[in-house]
Amino acid sequence: MMDLKFRAGWGLAIAGLILAVTPAASQTKPTTAAPTRLNPAALRLNAAGAPVTTPPSTTPPSSTPPGGVDWKGVMVGQRQTYGQGPKLTAGLGLDPATVDRTAIPILLPQGAPFETARIYSFGDYYAISADIPGAGWSLTGTTAKVTLPASVPLRTHPEPENLVIQRTIDGQLASFVRYGVLYTVELRCDAPGDGRCRSEAMVRDLVAKTNVVVMGKAARQAAGMGG
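If you're matching positions, the sequence shown starts at 49 in the numbering used here and goes up one per residue.
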């Protein structure tokens, strides 16, 4: 069970990220609102398992549907991986109660090493982390949005799903938007010279494998599927 002090500290960190600041309207066109853009930075876990934040990055406008999560798309994705999601979560030992209280679709990387996987959830945010020899990876999902100032330039050639890859101190962090949800996949290495973290190849491979859709009880209720 998570330490109460750790949980409280993480909750404060999440509360700090979930901002809904609307940019100032134009002086010449006061009725025109600036578009909302997703910040690809999200909570992640460091090597000690504690949540940390990453600096904000600039991404193109999101195609998030008006209702938030694209539940129709989620159900299509779940049907494509039907039979794998429930089997995967059961086989990994992920806490069923934690999965059930996650109100957004949980994505899992197919075939990734899960022997040490741990899952944490705060409803509209979840994190899964696991250790591998000499390294570790984590995957998060959140519906938190941060509105960027209108003066911030946008990327002119975005990758599919607004994929953005950032070099971190000890690895690589990839952020992408799917079903109207912001997901991140992070790879961390113990040794600074570890080739797995010096290039984007492995983190891109993890992103490509992150296609198993799992819906807990809260997510099914939010999608109108009942409990």
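Ideal Cβ positions, reconstructed from N, Cα and C, are used throughout, including at glycine.
Asked: Short of 6 angstroms in beta carbon distance, which residues of its chain neighbour Thr129, apart from the five on each side in sequence? Order them along the chain.; Found: Val260, Val261
Asked: When the distance is taken between beta carbons, is Val117 closer than 8 angstroms to Gly228?; Found: yes
Asked: Taking 8 angstroms as the cut-off, decide whether the C-beta atoms of Ala145 and Gly171 are in contact.; Found: no
Asked: Would the region 238–257 count as touching the region 211–226 if we require 3 or more Cβ pairs under 8 angstroms?; Found: yes
Asked: Report the partner residues of Pro157 according to the DSSP bridge assignment.; Found: Thr258
Asked: Please report how far the alpha carbon of Gly219 lies from the alpha carbon of Gln126, in whole angstroms.; Found: 30 angstroms
Asked: How many Å lie between Lys120 and Val147 at the Cα?; Found: 20 angstroms
Asked: Beta-carbon within less than 6 angstroms of Val124's beta-carbon, same chain only, minus the 5 sequence neighbours each way: which residues are those?; Found: none
Asked: Let's test the definition: count the other Cβ atoms within 10 Å of the Cβ of Pro240 and tell me whether it reaches 16, buried, or not, exposed.; Found: exposed
Asked: Tell me the residue span of the alpha helix (DSSP H) that contains Ala246.; Found: A small fix is needed here, since residue 246 is Arg in this sequence, not Ala. Where Arg246 is concerned, the enclosing alpha helix (DSSP H) stretches over 243–246.
Asked: What residue range does the alpha helix (DSSP H) around Val122 cover?; Found: 119–128
Asked: Looking at C-alpha atoms only, which residue of Ile217, Ala183, Leu230, Gly141 is the closest neighbour of Met250?; Found: Ala183
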